[in-house]
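Structure first, then comments.
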Amino acid sequence: MYTLYKLNPADFNENFLQALQLLFSGKTIEVSVREVDAANESTDIWQAIQRFRQSMNPTDYPDNEDIFANVRDRPTGREVAL
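Residues 1 to 82 (my numbering) make up the sequence shown, in order.
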């Protein structure tokens, strides 16, 4: 199993260590620590999603309108000649 945590050193506390102990109970684990570049943070998909969600203004979209109505391509796929 592989798990990646990105957090500040201040977030390391007893609860975090207990969570690791429960998650990897009875297994040997390897701990690697490195500083994350600011450039890597800006390209992180979760960070990008969070920035997008914060930039959305729900009042820009009417409640009765399905904003995702025409997002999906409806064709069933390409034709296959057998």
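Note that beta-carbon positions come from the ideal geometry of N, C-alpha and C, so glycine has one too.
Next item on the list: Could you check how far apart the C-beta atoms of T3 and L22 are, in whole angstroms? I think they sit under 8 Å.
Entry: Here residue 3 refers to the residue found at position 3 of the sequence shown. Here residue 22 refers to the residue found at position 22 of the sequence shown. Contact doesn't hold; Cβ gap of about 12 Å is too wide.
Note to self: Suppose you measure from the CA of E35 to the CA of D73; what does that come to, to the nearest Å?
What the structure shows: By 1-based counting over the sequence shown, the position of residue 35 is 35. By 1-based counting over the sequence shown, the position of residue 73 is 73. Take the alpha-carbon of E35 and the one of D73: they are about 42 Å apart.
Check: For the alpha helix (DSSP H) that contains A81, what are its first and last residues?
Finding: For the purposes of this step, residue 81 is identified with residue 81 of the sequence shown, where counting begins at 1. If you look at A81, you'll find it isn't in any alpha helix (DSSP H); DSSP assigns it neither H nor E.
Item checked: Candidates M56, P75, T76 and N15, of which the one nearest I67 by Cα -> As a working note, residue 67 is residue 67 in the sequence shown. Nearest of M56, P75, T76 and N15 to I67, Cα basis: M56.
Check: Ends of the alpha helix (DSSP H) at I49?
Finding: The sequence position of residue 49 within the sequence shown is 49, counting from 1. Taken as a continuous stretch (DSSP letters only), the alpha helix (DSSP H) holding I49 covers I45 to S55.
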